[in-house]
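Taking it in order: structure first as structure tokens, then the write-up.
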Amino acid sequence: LTFKRVIKEASVGEFSCLPYILALFSALTWGWYGFPLVSDGWENLSLFGTCAIGVLFEFSFIIIYIWYAPREKKKFVVLTVSLILAIFCMIVSFTIFTFHTHHMRKLFVGSIGIVTSMSMYSAPLVAVKQVMKTKSVEFMPFYLSLFSLLTSFMWTLYGVLGRDPYLTAPNSVGCLTGILQLVVYCMYSRCKEAPKALNDIEQVIINMEVATSRREDTNGYKP
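Under my numbering, the letters of the sequence shown match residues 23 to 245, in that order.
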């Protein structure tokens, strides 16, 4: 929905690309975590498949953002994405050539995954701050917050059932930030609707007064 609006308006406006860049890094990291060279066989096949799709989506979103962003924002996004990809390549190389057991590789990549996920889930707090500052939910879409919460909950459940603390810990934090976003959205969407409702009420009262005045004038008229 966010990028549908960006394409429609041909402008990124005040939207930030940071959450999508961090989501890309997180998807790359967890995709590598689910890959057989790190996990034992295909025990995390669903994680790898989901993250592979996530990488494609995040790249698509970032490309759209770069296309419609002004020059300064384009430069920042390109440099940041390049840095993220360079760091990921270093992580892959270090994992392969330094650790030689699945346990140690999972420990290393999983620890990095926790950090990247924490960063990704803290990114929406920028939007929360903006909502509280502007008292408008324009730049924090409801469905994005809702599906972020649902995704975090499902991965938390997956981690609990699979007894995988590397998945459980960061996604639990994601559940909390998702709940916070929805609470803030509900609070400030009401603030936005309240003035509109008051204006509607005032307009109704004015219309009633005008109608009453006209009726009185008609009744008091003598030919």
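A virtual CB, placed ideally from N, CA and C, is assigned to each residue, including glycine.
query                                                                                                             : result
Would you call residue 28 buried or exposed, if buried means 16 or more other Cβ atoms sit within 10 Å of its Cβ? : buried
Hey, could you find the ends of the alpha helix (DSSP H) residue 80 is sitting in?                                : 67–90
Is the beta carbon of residue 40 sitting closer than 9 Å to the one on residue 53?                                : no
Can you check which of these residues, 130, 111, 57, 36, is closest to residue 92 by C-alpha distance?            : 36
If I follow the unbroken alpha helix (DSSP H) through residue 133, where does it start and stop?                  : 124–144
Assign residue 197 to one of three DSSP states: helix, strand, or coil.                                           : helix
Is DSSP giving residue 209 helix, strand or coil here?                                                            : helix
Between the beta-carbon of residue 142 and the beta-carbon of residue 45, is there less than 9 Å?                 : yes
Specify the secondary structure class of residue 36 as computed by DSSP and reduced to three states.              : coil
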